[in-house]
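Be aware that the sequence shown starts at 1, since it is given in UniProt numbering, and climbs by one per residue.
Comments concern the structure below.
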Amino acid sequence: MILVPRDTKGNKQSLAALDIMVPGVFLNVVLKYSSMYDTNLFAITFAAVFASLVFSVFFSIWRSKTTPAMVLPAISAIIFSIGFANHTDDLWKFMIKH
């Protein structure tokens, strides 16, 4: 669990390991596909997932409540990988196979 300071009173916002692992599993598949077929896809998808995680943490700090942080990174990983893939059908076949 990663704890991020939320305010000056000592309250902290947590980011669970599961929130990082779920998009990480998807990024692992994109990395394998990217190394074999589409070299730029992983960098774009990784940047989108990282930006989504940062946005999720700042959003939960702003709300002062715990929010599930894996939803936005997982959705952005899917959208960006499909949007920037050279051959979308091959990417989906690769994901189902591996």
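Just so it is clear, CB atoms sit at the ideal spot from N, CA and C, and this is done for glycine as well.
For Asp7, count neighbouring Cβ atoms within 10 angstroms of its own Cβ and tell me buried if that reaches 16, exposed if not.
The residue you call residue 7 lines up with position 7 of the sequence shown. Exposed: under 16 other Cβ atoms inside 10 Å.
Give the straight-line distance between the Cα atoms of Gly10 and Asn40, rounded to the nearest whole angstrom.
Residue mapping note: residue 10 aligns to position 10 of the sequence shown, counting from 1. Residue mapping note: residue 40 aligns to position 40 of the sequence shown, counting from 1. Between Gly10 and Asn40, the alpha-carbon positions lie close to 41 Å from each other.
Taking the runs of the alpha helix (DSSP H) that are 4 residues or longer, which of them lie wholly in the segment 23 to 76?
The qualifying runs are 41 to 63.
Given a cut-off of 8 Å on the beta-carbon distance, is the pair Leu53 and Phe42 in contact?
Start at 1 with the first residue of the sequence shown, and residue 53 comes out as number 53. Start at 1 with the first residue of the sequence shown, and residue 42 comes out as number 42. Going by beta carbons, Leu53 and Phe42 fall outside the 8 Å limit.
Supposed close pair Leu18, Ala77 - CB separation, criterion 8 Å:
In the sequence shown, counting from the first residue as 1, residue 18 sits at position 18. In the sequence shown, counting from the first residue as 1, residue 77 sits at position 77. About 15 Å; that fails the 8 Å criterion.
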